[in-house]
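So the sequence shown is numbered by the numbering used here: it starts at 8 and just counts up by one.
Notes to accompany the following structure.
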Amino acid sequence: MIATQTMTDEQRKSVALEYLKAFDNGGVTSTGESILELFAPDAQVMFPKWGIANGREEIGQMFGEVGSKLKSIRHDYANFNWIFGGGDTIVAEGTSYGEHEDGPWRAGVPEWGAGRWCDVFEIRDFKIQRCFIYLDPDYAGADKARYPWLDGA
Numbered sequence: 008m009i010a011t012q013t014m015t016d017e018q019r020k021s022v023a024l025e026y027l028k029a030f031d032n033g034g035v036t037s038t039g040e041s042i043l044e045l046f047a048p049d050a051q052v053m054f055p056k057w058g059i060a061n062g063r064e065e066i067g068q069m070f071g072e073v074g075s076k077l078k079s080i081r082h083d084y085a086n087f088n089w090i091f092g093g094g095d096t097i098v099a100e101g102t103s104y105g106e107h108e109d110g111p112w113r114a115g116v117p118e119w120g121a122g123r124w125c126d127v128f129e130i131r132d133f134k135i136q137r138c139f140i141y142l143d144p145d146y147a148g149a150d151k152a153r154y155p156w157l158d159g160a
């Protein structure tokens, strides 16, 4: 689709924040809409160990499958690092905490554990066109056997 509305970095940031806050709120935005309304109809989202979801229907499936494993999640908004690349791309780096079905997590506890993440967004026309999520999806830190440096951790 051809871009029709000019956006500032701060406007892109506000869309990304709305997405992260909606994820923490069970997929509901501040206006009561589905998180999927923040995405362009043909958007792409990548989540580790799931792959790339194409379009709102697949994104909804992915969020449902990933979200069904989480009892709760909260992003630490005050500590985000925002990187503005010019154009439509912004990057958010941050931390989170919550509870996975296999147990709780908090960034930095332990230091090697889950909770640190980085999202690369492309946002045009006030819609997320692309969101690639980079994090360790082993929220409960149960995958120690495959990493010998974690032996005894």
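Every residue, glycine too, gets a C-beta built ideally from N, C-alpha and C.
Rounded straight-line distance, which links the Cα of valine 22 to that of proline 48: Those two C-alpha atoms are separated by around 16 angstroms.
Among Val98, Glu108 and Ile59, the one whose alpha carbon lies nearest that of tryptophan 124: Closest by alpha carbon: Val98.
Contact check, glutamate 129 vs threonine 96, beta carbons under 8 angstroms: Less than 8 angstroms divides the Cβ of glutamate 129 from the Cβ of threonine 96.
Close Cβ partners of tyrosine 136 (< 6 angstroms) along its chain, the five nearest in sequence each way excluded: Looking at the sequence provided, one finds glutamine at residue 136 rather than tyrosine. Residues of the same chain with a CB within less than 6 angstroms of the CB of glutamine 136, apart from the 5 flanking positions on each side, are Ala47, Ala50 and Glu129 in chain order.
Contact the region 98–112 vs the region 72–85: 3+ CB pairs below 8 angstroms: Result yes; three or more Cβ-Cβ pairs closer than 8 angstroms.
Cross-strand partners of aspartate 126 (DSSP beta bridge): According to DSSP, which records beta bridges pairwise, aspartate 126 is partnered with Ala99 and Ile140.
For glycine 74, the first and last residue of its enclosing alpha helix (DSSP H): Here the alpha helix (DSSP H) through glycine 74 covers 62–74.
N- and C-terminal bounds of the alpha helix (DSSP H) containing valine 22: Start and end: 16–31.
Proximal residues to aspartate 143 (C-beta, below 7 angstroms), its chain only, five neighbours per side dropped: Counting only Cβ-Cβ distances below 7 angstroms, and skipping sequence neighbours, we find Ala121.
Which residues DSSP lists as bridging glutamate 106, in chain order: Beta-bridge partners assigned by DSSP to glutamate 106: Ser79 and Pro111.
Status (buried if at least 16 other CB within 10 Å, exposed otherwise) for valine 52: It counts as buried.
Tryptophan 156 - containing beta strand (DSSP E), residue span: Boundaries cannot be given for tryptophan 156, as no beta strand (DSSP E) includes it and DSSP labels it neither H nor E.
8 angstroms CB neighbourhood of valine 56 in its chain, flanking five on each side removed: In the sequence on display, residue 56 carries lysine and not valine. Around lysine 56: Pro144.
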